[in-house]
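Participant: Would you mind keeping the following structure in view while I ask a few things?
Protein chains in written order, with our numbering: chain Y, 50 to 391; chain X, 50 to 391; chain B, 50 to 391.
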């Protein structure tokens, strides 16, 4: 296997975090390939991040062009849209190109029960789930995962209120009743290198959600009159830094999540590369974690030229996308490429 | 005409986006001039962006010193305050100094009806306007443009509610009844170069409005007790990045707006240079556009040292202010300065 | 006294703004020392900002290791946690290491009455304080400073409402009744150099407070049902830029605060180094100031690699932490180190 970066390419689908992944790969000396729809290609042309654009009609058609990636000796970087379009099962069973990161871990993040098992094993403070509505004894949020995913979420405080409000959603069966934690959302962007064995915190963000992040702009009296429901569609991300005294805790829980991942079924190498813990900081500064993303998140997009944290450790702009490419480059040069592929 | 940048200056009024315009001009090798009040000059001194400060008592006194700008071979950059203090009609009829950008387009952005015609012709998804209050059939926002500009906006859901609430504003005649779109505000910063013919997306922001962006910090019960009205005074800007999968749409609508601008009356060169589309992203990810600014916007101010987007395309810090200076520099060097003046 | 930077170290406690202080000190050529708990040391190791880590069990144990700092010829930088853990009185009476900044000013910022006297003397527009609840004639916020600090704040509009709501807090005696100003929070980060005599504005931020900055994400009807109280625990900071036309005012009030500080008791050199004015911009663009921090604030943490403002004045990344180190460096090189120590 070649130990020269110029013999390899880095490839991904044209969406989600492709801009920073490709830019970062170029900065590390890789040839870059974006697999893009006709509609999206101008984005990757305009920002000059792709050496080669492979056009497909739908992102689901990835497998029709995968052979080209293999011919180019490309390492594929999975991001949220990649996993979402292909499905974690297909990523595991069908992707034949070199793939950065553990494939098995994608199942653990996709299945709500498995994800919860993992997070609890790592000792994280996860919100309580109520299996039985009759047990509701505090404010809860009812989240829908099916046709209403992201929409129609509501808050209830008692079994009675739950049943009353559920009447608006007679056909919904895929929902979860979660303890409602009042506090500010915070997304922590980690990077675990299998080469250095070190855990890094790259940055933080808060999402910009429609309409959750704008209903507060409507005076309460007008909200009530308009009968506004909250929805949580992600439209973008806003940079944020965290209270410095919370960093030791964030390092600790990140390490616990990585450690536990090595004990999970069908994840021989455990979790590595970029990942994100998503939670709420409550007024007592507890971090209540409700989700993990086991790959790069779009919350790193404000930091294509480095974050307030990555600029401390690196003397050059280090996005999470570039950190991935750096990991692959160091693996290639050390003859250890296998160590970062999953 | 000289093709040497050192024979030219770049000038603007000391407000709005002058800091980045002047800094960007210096970075491109221009001499810089700020026309400033006594009170503001220390700002431009402190940040060391102006080679020359011309002091005036009021920004409306611009014409009294314009001859000095002409003597210095200065290209004037119009920003929001420049257009606001001088008025689009005076900019068009009286400005004799070299002026970057189409003057005629300023009329199209200033007149609400003309602006709407333009945006609709470009196929943009604009909120419905109700000419007749009796036709109100959904939530609407009543915006005042006269003495109450930015203040006292209210929401209504029916003709009855409209008439009831208007009783608080007996003297207001200059208002518009607009469909109320629930979703997050997003401001898209474009740059269209007449030299390269390319449309670029430089960055995004959300405004920081008093009190709209703080009433959500007040618990609903307290808001109701305090009888708080919403106001929309701009106090600053917050950086944001957009969901990457929305970028193709943003490129497309930007292009449509530029294309249509070339067909508008009295705008021979069409729209070029920086401009901004201002809208709401709703929970279904539709971008509902309610305004266009046909010149640099203050929302680009977080990015004096480059944005998460401009760092992808450029290998140096590229603010929108610097992008303007780059355009002028390239025009000068190509002997095509006329092409960027309006 | 040596005029060579390499003969000195810069030291601080491992919390608050230590990352940028230490990074900035390294960038200016200093040896860096962090005094850290066992739990926090990995943060300063991971970001590679500390040449030396002195471990202590509690931050209150600072005095047990101070001798080591003196031996290293270290200048100690006080930040919010440093002042909070040690107390302003102990900082003044017991700190023997070289200390950057006026010690006496810390008393003026710590005592609410003295702080208010200072701000009013400087002509700042401070919110009205009601000594007697019977005088409440407008919306007021009741802030607790004792056991409930940051929690349970409430809003009242009349003496009757005040007495009614205070029934929830029968044991609270340490509170203040402050005029409630509706508008957006804004934190202004200043730097006053005793060497250059110049006042600089480094950056701005808004805090990210739990739960104040998330209750607006809950629809009004749900808030009312959940009986949510507002709390103001700081969890992080969000970058923001301010309307450019407000900068002359911000420079003016900053200068007034510095000028008045020189007349205060027991502050021979007045206020210098970094400080912050904390207030609300109301919809009429008045800046209502409710607090001053007379040392570096955590709101500067988004700008470890420079801010949209510092990049205008400096041609290199200039955090507030680095600005401090630059001040000390210039003092050392000019043989004027005494001028920056307090």
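Here a beta-carbon is modelled for each residue, glycine too, at the ideal position from N, C-alpha and C.
One question on the structure: do residue 350(Y) and residue 293(X) come within less than 8 Å of each other, judged by their Cβ atoms?
Facilitator: A contact, by the Cβ cut-off of 8 Å.
Participant: How about residue 390(B) and residue 148(B): do their beta carbons lie closer than 8 Å?
Facilitator: Yes, they are a contact pair.
Participant: Could you check the C-alpha separation between residue 255(X) and residue 282(Y) for me, to the nearest Å?
Facilitator: Spanning the two alpha carbons is a distance of roughly 17 Å.
Participant: Using the C-alpha atoms, what's the distance from residue 68(X) back to residue 130(X)?
Facilitator: Going from the Cα of residue 130(X) to the Cα of residue 68(X) covers about 13 Å.
Participant: Helix, strand or coil: which one does DSSP assign to residue 166(B)?
Facilitator: Helix, per DSSP.
Participant: Would residue 362(B) count as contacting chain X if we go by Cβ distances under 8 Å?
Facilitator: Yes, contact with chain X.
Participant: Taking the C-alpha atoms as reference points, what is the distance between residue 132(B) and residue 92(B)?
Facilitator: One C-alpha to the other measures close to 21 Å.
Participant: Quick check on the DSSP output: what are the complete beta strand (DSSP E) runs of length 3 or more inside the segment 275-341 of chain B, in order along the chain?
Facilitator: Listed in chain order, they are 281-288 and 322-330.
Participant: Any C-beta of chain B within less than 8 Å: which residues of the segment 209-238 of chain Y qualify?
Facilitator: Result list: 210, 229, 231, 232, 233, 234 and 235.
Participant: Buried or exposed: residue 260(Y), going by 16 or more other Cβ atoms within 10 Å of its Cβ?
Facilitator: Burial call: buried.
Participant: Classify residue 366(B) as buried or exposed, calling it buried when 16 or more other Cβ atoms lie within 10 Å of its own Cβ.
Facilitator: With 16 or more Cβ atoms within 10 Å of its Cβ, residue 366(B) is classed as buried.
Participant: Ignore the nearest five residues each way along the sequence and tell me which others in residue 89(X)'s own chain have a CB closer than 6 Å to its CB.
Facilitator: Taken in chain order, the residues that qualify are 63.
Participant: Between which two residues does the beta strand (DSSP E) harbouring residue 256(Y) extend?
Facilitator: Residues 248-260.
Participant: Please state whether DSSP places residue 121(X) in a helix, a strand or coil.
Facilitator: Coil.
Participant: Would you mind reading off the limits of the beta strand (DSSP E) that contains residue 192(B)?
Facilitator: Here the beta strand (DSSP E) through residue 192(B) covers 189-193.
Participant: Give the C-beta separation of residue 212(B) and residue 182(B) to the nearest angstrom, bearing in mind that I take them to be a contact with Cβ-Cβ under 8 Å.
Facilitator: Confirmed, about 7 Å.
Participant: Measuring alpha carbon to alpha carbon, tell me which of 97(B), 95(B), 382(B) and 377(B) ends up nearest residue 242(B).
Facilitator: Nearest of 97(B), 95(B), 382(B) and 377(B) to residue 242(B), Cα basis: 377(B).
Participant: Using a C-beta to C-beta distance shorter than 7 Å, which residues of chain B count as neighbours of residue 355(Y)?
Facilitator: Going along chain B in sequence order, the residues near residue 355(Y) (Cβ under 7 Å) are 354.
Participant: Pull up the DSSP beta-bridge partners for residue 205(B), would you.
Facilitator: In the DSSP output, where bridge partners are listed per residue, residue 205(B) has 189(B).
Participant: Residue 321(Y) to residue 162(Y), Cα distance in whole Å?
Facilitator: Roughly 21 Å separates the two Cα atoms.
Participant: For residue 79(B), does the three-state DSSP call read helix, strand or coil?
Facilitator: DSSP places residue 79(B) in coil when its eight states are reduced to three.
Participant: I want to know whether the segment 226-241 of chain Y touches the segment 319-337 of chain Y - three or more CB-CB distances under 8 Å.
Facilitator: Yes, since at least three Cβ pairs between the segment 226-241 of chain Y and the segment 319-337 of chain Y fall closer than 8 Å, the two stretches touch.
Participant: So, does the segment 259-275 of chain B touch the segment 307-321 of chain B, judging by three or more C-beta pairs under 8 Å?
Facilitator: Contact between the segment 259-275 of chain B and the segment 307-321 of chain B is absent, because fewer than three Cβ pairs lie under 8 Å.
Participant: Which residues bound the alpha helix (DSSP H) around residue 134(B)?
Facilitator: Run containing residue 134(B): 129-135, per the alpha helix (DSSP H) assignment.
Participant: Output, in chain order, the set of chain X residues within a Cβ distance shorter than 9 Å of residue 262(B).
Facilitator: Correct list: 265 and 266.
Participant: Can you find a C-beta in chain Y that's less than 8 Å from the C-beta of residue 280(X)?
Facilitator: Not closer than 8 Å to any Cβ of chain Y, the Cβ of residue 280(X) fails to qualify, so no.
Participant: On a CA-only basis, which of 252(Y), 107(Y) and 83(Y) is nearest residue 97(Y)? Give me that one, please.
Facilitator: Of the listed residues, the one whose Cα sits closest to residue 97(Y) is 83(Y).
Participant: Please confirm whether any heavy atom of the ligand ADP lies closer than 7 Å to the CB of residue 368(X).
Facilitator: For the structure depicted, the ligand ADP is absent and the ligand set is empty, with no information on it obtainable.
Participant: Residues of chain B with CB closer than 8 Å to the CB of residue 62(X), please, in chain order.
Facilitator: By Cβ distance, chain B contributes nothing, its closest Cβ being about 10 Å from residue 62(X), past 8 Å.
Participant: Pull out every residue of the segment 280-310 of chain Y whose Cβ sits closer than 7 Å to any Cβ of chain X, in chain order.
Facilitator: Here the close residues are 280, 282, 283, 284, 285, 286, 287 and 288.
Participant: Strictly under 8 Å for the Cβ-Cβ distance: is residue 193(B) near chain Y by that measure?
Facilitator: It does not; no Cβ of chain Y falls within 8 Å.
Participant: Closer than 7 Å by beta-carbon distance: list the chain X residues that pair up with residue 245(Y), in chain order.
Facilitator: Chain X residues near residue 245(Y): none, gap ~26 Å exceeds 7 Å.
Participant: Counting only Cβ pairs nearer than 7 Å, list the residues of chain X close to residue 273(B).
Facilitator: Chain X residues near residue 273(B): 269 and 270.
Participant: Is the beta carbon of residue 171(B) less than 8 Å from the beta carbon of residue 305(B)?
Facilitator: Their beta carbons are under 8 Å apart, which means residue 171(B) touches residue 305(B) by this criterion.
Participant: Nearest-angstrom Cα distance between residue 108(X) and residue 75(B)?
Facilitator: Cα-Cα distance, rounded: 45 Å.
Participant: Spatial neighbours of residue 140(X) within its chain, please: CB distance less than 7 Å, with the 5 preceding and 5 following residues excluded, ordered by chain position.
Facilitator: Cβ within range, chain order: 127, 132, 152 and 155.
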